[in-house]
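The numbering of the sequence shown is the UniProt record's numbering, which starts it at 1 and goes up by one. The next block holds one structure in the form of C-alpha cells; read it before the comments.
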Amino acid sequence: MNWHQDNELKAIVAHSKKGWMNGVIGQLRIQDFDEKTWAKGNGHVHLLLINGHNSHHTKEFLDYARDHNIHVLCYPAHVTHVYQGLDVAIFGALKNHWSDEWNQYESSTWQKVTKANFISIYGHAHHPILIPKNICSAFKATRVWPFHPKVVTAEMMAPS
Numbered sequence: 001m002n003w004h005q006d007n008e009l010k011a012i013v014a015h016s017k018k019g020w021m022n023g024v025i026g027q028l029r030i031q032d033f034d035e036k037t038w039a040k041g042n043g044h045v046h047l048l049l050i051n052g053h054n055s056h057h058t059k060e061f062l063d064y065a066r067d068h069n070i071h072v073l074c075y076p077a078h079v080t081h082v083y084q085g086l087d088v089a090i091f092g093a094l095k096n097h098w099s100d101e102w103n104q105y106e107s108s109t110w111q112k113v114t115k116a117n118f119i120s121i122y123g124h125a126h127h128p129i130l131i132p133k134n135i136c137s138a139f140k141a142t143r144v145w146p147f148h149p150k151v152v153t154a155e156m157m158a159p160s
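Next comes the structure, spelled out in C-alpha cells:
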C-alpha cells in the first residue's frame, strides 16, 4: 500500500524526513508544474508564485525554471496569509470539504482513512473546490490578477 494508489488527481506525492519542503521535493514540484502546464501555455512564459522560503527553491530549481520559460515570483516572508490565493480563498473551503469527505467515508464504510485510500477520498474534496472559478476568485481576492498592489494594508501586516 502506498500514497499513490487510485490517484485520479495525478498529484505528486512526496515526503521528507522532517515533513517540510526541501530541494528534492521542490525539484519534483517544478518539473510536475512544467509537465502539467506546458501544453496549455502555447509557448508563452509561465508564472509560478511560491513561498519565498529558501527551502522551496534551490539553484537547480531556478535553473530549471529559466531553462523552461517559467518565471518564479516569491512571496515575501510571513505574508502568504495575505497574498497567497490558496491561503486566502481556497484552503478554508478545502479543509471543510475534506472533513466532510473523511467523515462520510468512515461512517459509510466503517473503515479508517489510510495512506492507501487517502488520495482517492481527498479527490472528492479537491474537485469541487479547486476549479477555475474559485482559483480566479483567489487571484482576484489577493489582487494578483488583475494586479493591484494596495490590497495589503499596513494594519494587515502589523505584528499580532
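Glycine is no exception: its CB is placed at the ideal position from the N, C-alpha and C atoms.
{"query": "Stretch-stretch touch, CB-based, cutoff 8 Å, three pairs: the stretch 139-153 with the stretch 83-91", "result": "yes"}
{"query": "Euclidean distance between Cα positions of L94 and A39", "result": "27 Å"}
{"query": "Bridge-paired residues (DSSP) for V45", "result": "Answer is none; V45 lacks a bridge partner."}
{"query": "Assigned secondary structure, V82 (DSSP; H/G/I helix, E/B strand, else coil)", "result": "helix"}
{"query": "Which of helix, strand or coil DSSP assigns to H124", "result": "helix"}
{"query": "Chain-order list of residues whose beta-carbon lies under 8 Å from that of I50 (same chain, five-residue window excluded)", "result": "H56, H57, V72, L73, C74, Y75"}
{"query": "Status (buried if at least 16 other CB within 10 Å, exposed otherwise) for A154", "result": "exposed"}
{"query": "Host alpha helix (DSSP H) of L9 (start-end)", "result": "Premise fails: L9 is in no alpha helix (DSSP H) and is neither H nor E."}
{"query": "Other residues of its chain near E101: CB distance less than 6 Å, five sequence neighbours each side excluded", "result": "I121, H124, A125"}
{"query": "Run of the beta strand (DSSP E) containing H71, from where it starts to where it stops", "result": "70-75"}
{"query": "In DSSP terms, what N51 is bridged to", "result": "Y75"}
{"query": "Nearest-angstrom beta carbon gap, H46 and N69 [assumed within contact, 8 Å]", "result": "6 Å"}
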